[in-house]
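Residue numbers (our numbering), protein chains in the order written: chain A, 22 to 595; chain B, -11 to 189.
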């Protein structure tokens, strides 16, 4: 494919090329993730050393850390924005928007996404959203402080707490930008995968990564409208004085609010109708990456491909029927609760199908331990750990005890945040040669993996004990309760481990940027992988293939076929 | 090949399993998303209405004959749109453009009628924070649901204006008319749900 002359702007900024847009998403998501990580460090600082003064931080946050001591209002803003940034702007943008854009056309044999202009637009819609979210820290009253779930009345009444004012408004505006961007992206993903596959690439020959992105696109299209409707109603409640989410009789201080007629439960339903599929929007791409990575480095066809596809579909479908399990203590009818328990536990079946298929792929294989495959194995480990605690929380009888404790924090950091993050890391190590035409340092990658893996367990595993002991989520200073004071050493341990975890990510950031310039130049197919994306040149230009697009003659998992000279047969070979 | 040419080139991939262009499929998926947005609003309305209890009798607040007339106008515009799409498919571009202009006229009449309905409603005391008929959420949902739908009608009219003006300039494609038509039918269909669920039930 011949290239026209491109200016700097059309090549690097307003690019139509899906690979450049993918990399733009990477940059944005990694920046946001870094900020989200700093917020996590600040949260742990408070929990590890409650109300200890840190004078140097006063320069950075003159209001929130006045005289170096964190105020409760600032703490509340910190975990709210940590959750929002990590869930939406790191874990959705990196694996879905970033890798989805980068990989889908390469893996299905297309020259670009179906609608490149819309693709560019979707990126430049999420950028203002991210900027608004960051700016909200520096406005009067600070950032939003109603949790990443933005439950009313805290989020709906402007005078409730400082963060309920301008910060919450900016949060809503930022989220509306995000939803608009994600919808455009999802439309592009779904039609591209359905219509632009190369000759011979039947749906049942697609890599599991593409399958996951396909289902994720559909999940996004079906679930985000609920959040958009909720955000619209919430904006009205906040700015025009309506009472969609506000019942009569709310007092703020001594003032009776004039609202009547609404119900805060409505927001919880609308939010979690998005919120639970969102968890799988984060999880499914990580599952797809893991499947592709493990097959390549075990030199094995993925075990049970067909059941893997069905499991992705089943998880996607069931994710719409379980939102009530976030609301067991919200005053829901116990009968309805039991129904949600059944659907929730049903998700364990396709999830277990995936976990066992990975284990059967690994079993007795001669695994090549690269950074990518280590992170792939990490996903399996975190997914199983988090999945098991999910069974606790999905059962309403147990959840009523554990709800809103650190048990929940530990659980979702394993299954959603952890598995999603490890999957994304594995994918970066695996596809980096195709992204920048160079290899990442394997040595740094392995150091990064072991620090991350050990520190991750050290941070989040003890949280289960904290939760069972009764330490509540989102608490500013657990030591105000006598029964939580003996847990302070555990909190200190977690805080130190969290610092190590954060420091470990600096290795990755260094590796990522340094290897762009100094990494070993990559060959076309450095891992001897069979997927279609490895038939492109090491640093593919716009259009991806120089000549004709290759046909797909087989599925992408033909490894170690008996009687063949090579231990893999590429998808593009007849 | 220039960047735009790359972007616009037909990559030729398989059109299975649905056998339609990606443009049409994208419109369908967008309609699903947009429909769910309305579903979110209508479900919210249902939940709040059941939770509230004292919901006013709509027939005493609105003139249902007038609303029925609005519905008739919108459904008629859907019929003219369908004629336009058919004419475009048969390659009779002048005829198609005429029908699109008729549809636009229908859309404007509907919007005008809605504006009048709102002014009467506000004049009788219906406000964003309260109303004389019962729960304040009644008038709030009235404004947000009909307003959001009216906004969609306005968007649809704008899209159709673009199609009609492009056709007048000779830049016209049957697929474009069809996709605009899909959106227009969707907007009309939503109104049927709004009419049934907000005004009648």
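Don't be surprised by glycine CBs; every beta carbon is placed ideally from N, CA and C.
Rounded to whole angstroms, what's the CA-CA distance from residue 103/A to residue 169/A? Just pull it up for me.
Spanning the two alpha carbons is a distance of roughly 8 angstroms.
In the DSSP output, which residue or residues are listed as bridge partners for residue 589/A?
Within the DSSP secondary-structure output, residue 589/A pairs in a beta bridge with 580/A.
In the region 312 to 352 of chain A, which residue ranges form an unbroken alpha helix (DSSP H) of at least 4 residues, counting only runs that do not cross its ends?
Residue ranges of uninterrupted alpha helix (DSSP H) with 4 or more members, entirely inside the region 312 to 352 of chain A and ordered along the chain, are 326 to 339.
Using CA coordinates, which residue listed in 495/A, 447/A, 30/A and 69/A is at the minimum distance from residue 513/A?
Checked all of 495/A, 447/A, 30/A and 69/A; the closest Cα to residue 513/A is 69/A.
When the Cα atoms are used, what is the spatial distance from residue 179/B to residue 128/B?
Distance from the CA of residue 179/B to the CA of residue 128/B, rounded to the nearest whole angstrom, comes to 18 angstroms.
I need the straight-line Cα distance from residue 591/A to residue 453/A, nearest angstrom please.
Distance between the alpha carbons of residue 591/A and residue 453/A is about 19 angstroms.
Residue 281/A at chain E interface by Cβ criterion, 9 angstroms:
Of the chains in the structure shown, none is chain E; the protein chains are A and B.
With a Cβ-Cβ cutoff of 9 angstroms, do residue 281/A and residue 123/B count as a contact?
In contact: residue 281/A and residue 123/B (Cβ atoms closer than 9 angstroms).
Whole alpha helix (DSSP H) runs in the region 47 to 114 of chain B with 4 or more residues, listed along the chain?
Runs of the alpha helix (DSSP H) inside the region 47 to 114 of chain B: 52 to 77 and 81 to 111.
I'd like to know whether the C-beta of residue 170/B is nearer than 9 angstroms to at least one C-beta of chain A.
Not one beta carbon of chain A lies nearer than 9 angstroms to the beta carbon of residue 170/B.
Buried versus exposed, by CB contacts within 10 Å (16 or more), residue 37/B:
Label assigned to residue 37/B: buried.
Contact with chain A by residue 163/B, beta-carbon distance below 9 angstroms
Residue contact check for residue 163/B against chain A: no CB pair falls below 9 angstroms.
Residue 324/A vs residue 548/A beta-carbon contact at 9 angstroms
Cβ atoms of residue 324/A and residue 548/A: not closer than 9 angstroms.
Give me the Cα-Cα distance between residue 105/B and residue 159/A, rounded to the nearest whole angstrom.
Here the C-alpha atom of residue 105/B lies approximately 44 angstroms from the C-alpha atom of residue 159/A.
Contacts that residue 211/A makes with chain B (C-beta to C-beta distance below 9 angstroms)
Those are 13, 14 and 17, listed as they occur along chain B.
Which residue wins for smallest C-alpha separation from residue 84/B, given the options 96/B, 27/B and 75/B?
When only C-alpha atoms are compared, the closest one is 75/B.
Cβ of residue 160/B within 9 angstroms of Cβ of residue 15/B?
No, these two residues do not count as a Cβ contact at 9 angstroms.
Any Cβ of chain B within less than 9 angstroms of the Cβ of residue 600/A?
Residue 600/A lies beyond the stretch modelled for chain A, which goes from 22 to 595, so this question has no answer here.
What are the partner residues of residue 231/A, as DSSP defines its beta bridges?
Beta-bridge pairing links residue 231/A to no other residue.
Residue 93/A versus residue 265/A - alpha carbon distance
Spanning the two alpha carbons is a distance of roughly 29 angstroms.
Whose C-beta lies closer than 8 angstroms to the C-beta of residue 596/A among residues of the same chain, with five residues either side of it excluded?
Not covered by the structure: residue 596/A. The range shown for chain A is 22 to 595.
Per-residue burial, residue 506/A [other beta carbons within 10 Å of its own, 16 or more giving buried]
Per the 10 Å Cβ criterion, exposed.
Contact criterion: CB-CB distance below 9 angstroms. Does residue 217/A meet it with respect to chain B?
Answer yes: the Cβ-Cβ gap between residue 217/A and chain B drops below 9 angstroms somewhere.
To the nearest angstrom, how far is the alpha carbon of residue 191/A from that of residue 101/A?
If I take the Cα positions, the gap works out to 13 angstroms.
Residues of chain B with CB under 7 angstroms from residue 250/A, in chain order?
Scanning chain B for C-beta atoms nearer than 7 angstroms to the C-beta of residue 250/A yields 25, 28, 29 and 32, reported in chain order.
Which class does residue 403/A belong to by DSSP, given the choice of helix, strand or coil?
Residue state, collapsed to three classes: helix.
Beta-carbon spacing of residue 57/A, residue 118/A below 9 angstroms:
Cβ distance not < 9 angstroms, so residue 57/A and residue 118/A don't count as in contact.
Taking only the alpha-carbon atoms, compute the straight-line gap between residue 188/B and residue 56/B and give it to the nearest angstrom.
Approximately 10 angstroms, taken between the alpha carbons.
Simplified DSSP assignment, three categories, for residue 493/A:
Three-state result, residue 493/A: strand.
Residues bridged to residue 191/A [DSSP beta-bridge criterion]:
BP columns for residue 191/A are empty, so no partner.
DSSP on residue 277/A, reduced to helix/strand/coil?
Three-state result, residue 277/A: strand.
Determine the direct distance from the alpha carbon of residue 143/B to that of residue 65/B, and round the result to whole angstroms.
Their backbone Cα atoms lie some 15 angstroms apart in a straight line.
Residue 21/B at chain A interface by Cβ criterion, 9 angstroms:
When Cβ-Cβ separations below 9 angstroms define contact, residue 21/B makes contact with chain A.
Contact set between residue 171/A and chain B, taken where Cβ atoms lie within less than 9 angstroms
Near residue 171/A there are no residues of chain B at all, since even the closest Cβ is about 15 angstroms away, more than 9 angstroms.
Three-state secondary structure (DSSP) of residue 93/A
It is helical.
If you draw a straight line from the alpha carbon of residue 249/A to that of residue 451/A, how long is it in whole angstroms?
So the alpha carbons of these two residues sit roughly 35 angstroms apart.
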